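Peer 1: Residue numbers (the numbering used here), protein chains in the order written: chain A, 83 to 168; chain B, 83 to 168.
Cβ atoms here follow ideal geometry from the backbone N, Cα and C, with glycine treated the same way.
Model, not experiment: these values are computed from the prediction.
One structure, as structure tokens, below. Some questions next.
Protein chains: 2
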Amino acid sequence: MSKERKNRTTVDIYGQQYVIVGIESTSHMRHVASQVDDKMREMSSLNPSLDTSKLAVLTAVNAVHDYLKLKEEYELLEKELKNLKD
Amino acid sequence: MSKERKNRTTVDIYGQQYVIVGIESTSHMRHVASQVDDKMREMSSLNPSLDTSKLAVLTAVNAVHDYLKLKEEYELLEKELKNLKD
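Written as structure tokens, this is what we have:
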């Protein structure tokens, strides 16, 4: 059994409750949930005909896109740092 | 009207087709879609009772969490780089 302490919190995303469990603080989990809620509402206002499932998939697509772009920038910064240290 | 050239591609995520439009290359869009598809399938194997909509929301939650953690690391790296340059 893991000794790592897990936190549990209930969040509301797009009118539905979810129990989130993780090693992060509950405030971090709530912040993440509120960002997903915001993004889904934004996506819904742009595409009013989409159902919740498609809205959530497209929100996930946007989030993964943002992640991959940031990862590229992170790797550039890492390279720059390495060059400065060498 | 925007002069920026937009690309359009159809992707398959968790058995459903989506038309994705953006300035990114179609290969980037397909890569993002395949990551979301993988994450939804992984989430589904861990939580077989969840419906598609909840799976997609939790996938979005994980993606936003990953983004925020990477952003923290990015900001640390930026700070380190700034200190080295000063």
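(1) Under the rule that 16 or more other beta-carbon atoms within 10 Å means buried, what is THR134/A, buried or exposed?
(2) Rounding to the nearest angstrom, what Cα-Cα distance links TYR100/A and ALA138/A in this structure?
(3) Measuring alpha carbon to alpha carbon, tell me which of LYS151/B, SER127/B, LEU159/B and GLN117/B ends up nearest HIS192/A.
(4) Based on DSSP bridge pairs, tell me the residues matched to GLY104/B.
(5) Three or more beta-carbon pairs under 8 angstroms between the segment 111-128 of chain A and the segment 141-155 of chain B, yes or no?
(6) Leaving out five residues before and five after GLN98/A in sequence, what residues of the same chain have Cβ atoms less than 7 angstroms from its Cβ?
(7) Span of the alpha helix (DSSP H) holding ASP148/A?
(8) List, in order along the chain, the chain B residues whose C-beta lies closer than 7 angstroms to that of ILE95/A?
(9) Should VAL103/A be labelled buried (16 or more other beta-carbon atoms within 10 Å of its own) or exposed?
(10) Answer with buried or exposed for ILE95/A, where buried requires no fewer than 16 other C-beta atoms within 10 angstroms of its C-beta.
(11) I'd like to know if GLU155/B contacts chain A, where contact means its C-beta is closer than 8 angstroms to some C-beta of that chain.
Peer 2: According to the data block:
(1) Mapped onto the first sequence, residue 134/A falls at position 52. With 16 or more Cβ atoms within 10 Å of its Cβ, THR134/A is classed as buried.
(2) As a first step, residue 100/A is located in the first sequence; it is residue number 18 there, counting from the start. As a first step, residue 138/A is located in the first sequence; it is residue number 56 there, counting from the start. Here the alpha carbons of ALA138/A and TYR100/A stand approximately 14 angstroms from one another.
(3) Within the shown structure, residues of chain A are numbered from 83 to 168, placing residue 192/A beyond reach of any answer.
(4) Here residue 104/B is taken as the residue at index 22 of the second sequence, counted from 1. For GLY104/B, the beta-bridge partners assigned by DSSP are ASN89/B.
(5) yes
(6) In the first sequence, residue 98/A corresponds to position 16, counting from 1. Non-local beta-carbon contacts of GLN98/A in its own chain, meaning distances under 7 angstroms to residues more than five positions away in sequence, are absent.
(7) One-based indexing of the first sequence puts residue 148/A at position 66. Start and end: 134-167.
(8) Walking along the first sequence from the start, residue 95/A turns up at place 13. Here the neighbours are VAL139.
(9) Within the first sequence, residue 103/A is the residue found at index 21, counting from 1. It is exposed - the Cβ of VAL103/A has fewer than 16 other Cβ atoms within 10 Å.
(10) Looking up residue 95/A in the first sequence gives position 13. The residue is buried, with at least 16 neighbouring Cβ atoms inside 10 Å.
(11) In the second sequence, counting from the first residue as 1, residue 155/B sits at position 73. Chain A contact via Cβ: present.
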